[in-house]
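Asks: Structure in structure tokens, see below.
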Amino acid sequence: MASDIDRDGVAKAYERWAPVYDLVFGKVFDQGRQSTIAEADRIGGRILDVGVGTGLSLSDYSRASRICGVDISEPMLRKAQQRVRALGLSNVETLAVMDAKNLAFKDGSFDAVVAQYVITAVPDPEATLDEFIRVLKPGGELILVNHIGAESGPRRAFELAFAPLARRLGWRPEFPWERLVKWAACHRDVTLAERRPMPPMGHFSLIRYRKS
């Protein structure tokens, strides 16, 4: 599917968000973050947090888990690095500026890959998901939390109307579940383990895929 979001546009959008991101989105997305972290810590080992942003999640991971965090926004990552230093998070191995679609890690590098509110903010969601699966070990899990667009009704109409503004802010609101279904169907080694509604109002979902 042709991209309707470009990499540089997303980077610039999140550069603008960096100073106020924690204040604006901290509480709203907290339950989704905590839920993904709990699932990742259940698996343990080496965890990749894609779209780590300002590092809001980093202190909530178990210190027994080893964390690598990447993000496209250097200003966001600077805040994450400050957080790691201030809190003495010795289990954070790496924080690096990286494109989610082109991860500089070897195949099978991670026991779990976490992407919180990322898939609707990348130019090519399917290729990005492919990359997540590439760096995941067999038996590992891809853990997403993301807005899933309505298939019909008033919310669908609102999402379509809001889409042009949302793209300028750095994401696409009309992302249907069917795109994930079609993506997973193309991968024999990927199995849907769970889809769980998340607040606010169940418009978000925690989604777990297992790599066989």
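So the sequence shown is numbered by our numbering: it starts at 799 and just counts up by one. Ideal Cβ positions, reconstructed from N, Cα and C, are used throughout, including at glycine. As the structure is a computational prediction, the values presented were derived from the model and not from experiment.
Assuming residue 851 contacts residue 869 under a Cβ cut-off of 8 angstroms, what Cβ separation, rounded to an integer in Å, is found between them?
Replies: Residue 851 sits at position 53 when you count from the first residue of the sequence shown. Residue 869 sits at position 71 when you count from the first residue of the sequence shown. Right, their Cβ atoms sit about 6 angstroms apart.
Asks: Along the alpha helix (DSSP H) that carries residue 946, what are the first and last residues, could you check?
Replies: In the sequence shown, the residue the question calls residue 946 occupies position 148. It is not in any alpha helix (DSSP H) - residue 946 carries neither H nor E in the DSSP assignment.
Asks: In this structure, how does DSSP classify residue 1002 when only helix, strand and coil are distinguished?
Replies: Stepping through the sequence shown from its first residue, residue 1002 is reached at position 204. If DSSP states are grouped into helix, strand and coil, residue 1002 belongs with the strands.
Asks: Assign residue 858 to buried or exposed, taking buried as 16 or more other Cβ atoms, counted over all protein chains shown, within 10 Å of its Cβ.
Replies: What you label residue 858 is simply residue 60 of the sequence shown in a count that begins at 1. So residue 858 ends up on the exposed side.
Asks: Given a threshold of 16 other Cβ atoms within 10 Å of its Cβ, counted over all protein chains shown, does residue 914 qualify as buried or as exposed?
Replies: Within the sequence shown, numbered from 1, the residue matching residue 914 stands at position 116. Buried is the call here.
Asks: Quick test of the definition: if touching needs 3 or more C-beta pairs under 8 angstroms, does the segment 901 to 912 touch the segment 840 to 851?
Replies: The segment 901 to 912, when compared against the segment 840 to 851, does touch it at the 8 angstroms Cβ threshold.
Asks: Cα-Cα, which of 931, 946, 932, 942 is closest to residue 849?
Replies: Locating residue 849 in the sequence shown gives position 51, counting from the first residue. Answer by Cα proximity: 942.
Asks: Buried or exposed for residue 1024, going by 16 or more other Cβ atoms inside 10 Å?
Replies: Missing from the structure shown is residue 1024; the chain here goes from 799 to 1010 and no further.
Asks: When you compare the CB positions of residue 977 and residue 991, do they come within less than 9 angstroms of one another, or not?
Replies: Indexing the sequence shown from 1 puts residue 977 at position 179. Indexing the sequence shown from 1 puts residue 991 at position 193. Going by C-beta atoms, residue 977 is not nearer than 9 angstroms to residue 991.
Asks: Apart from the five residues on each side of it in sequence, which residues of its chain come closer than 6 angstroms, Cβ to Cβ, to residue 946?
Replies: Here residue 946 refers to the residue found at position 148 of the sequence shown. Annotation for residue 946: 975, 1003 place their beta carbon closer than 6 angstroms to its own, counting only its chain and skipping 5 residues before and after.
Asks: Rounded to a whole number of angstroms, what is the C-alpha to C-alpha distance between residue 877 and residue 981?
Replies: The residue you call residue 877 lines up with position 79 of the sequence shown. The residue you call residue 981 lines up with position 183 of the sequence shown. The C-alpha of residue 877 lies about 33 angstroms from the C-alpha of residue 981.
Asks: Based on DSSP bridge pairs, tell me the residues matched to residue 914.
Replies: The residue given as residue 914 occupies position 116 in the sequence shown. 943, per the DSSP bridge assignment.
Asks: Taking only the alpha-carbon atoms, compute the straight-line gap between residue 889 and residue 856 and give it to the nearest angstrom.
Replies: Along the sequence shown, one-based indexing puts residue 889 at 91. Along the sequence shown, one-based indexing puts residue 856 at 58. Those two C-alpha atoms are separated by around 9 angstroms.
Asks: Might you give, ordered along the chain, the residues of its own chain that have their beta carbon closer than 6 angstroms to the beta carbon of residue 1006, omitting 5 neighbours on each side?
Replies: Stepping through the sequence shown from its first residue, residue 1006 is reached at position 208. If we look at residue 1006 and ignore the five residues flanking it on each side, its Cβ neighbours are 939, 941, 991, 992.
Asks: Distance check for residue 881 and residue 891, CA to CA, integer angstroms please.
Replies: Locating residue 891 in the sequence shown gives position 93, counting from the first residue. Locating residue 881 in the sequence shown gives position 83, counting from the first residue. Each residue's CA atom was taken as its position, placing residue 891 and residue 881 some 14 angstroms apart.
Asks: Whole beta strand (DSSP E) runs in the segment 859 to 940 with 3 or more residues, listed along the chain?
Replies: 864 to 869, 890 to 895, 908 to 914
Asks: Which same chain residues end up closer than 6 angstroms to residue 916 when comparing Cβ atoms and leaving out the 5 residues on each side of it in sequence?
Replies: For the purposes of this step, residue 916 is taken as the residue at position 118 of the sequence shown. Same-chain partners within the cutoff: 848, 849.
Asks: Excluding the 5 residues preceding and the 5 following residue 995 in the sequence, name in chain order all residues of the same chain whose CB lies nearer than 7 angstroms to its CB.
Replies: Numbered from 1 along the sequence shown, position 197 holds the residue referred to as residue 995. Result list for residue 995: 1003, in chain order.
Asks: Using a Cβ-Cβ cutoff of less than 7 angstroms, which residues in the same chain neighbour residue 839 once the five nearest sequence positions on both sides are dropped?
Replies: By 1-based counting over the sequence shown, the position of residue 839 is 41. Here the set comprises 859, 860, 863.
Asks: Identify the continuous alpha helix (DSSP H) that holds residue 850 and give its terminal residues.
Replies: The count along the sequence shown starts at 1 and reaches residue 850 at position 52. No alpha helix (DSSP H) holds residue 850; DSSP gives it neither H nor E.
Asks: Between which two residues does the beta strand (DSSP E) harbouring residue 993 extend?
Replies: Taking the first residue of the sequence shown as position 1, residue 993 is located at position 195. Here the beta strand (DSSP E) through residue 993 covers 988 to 996.
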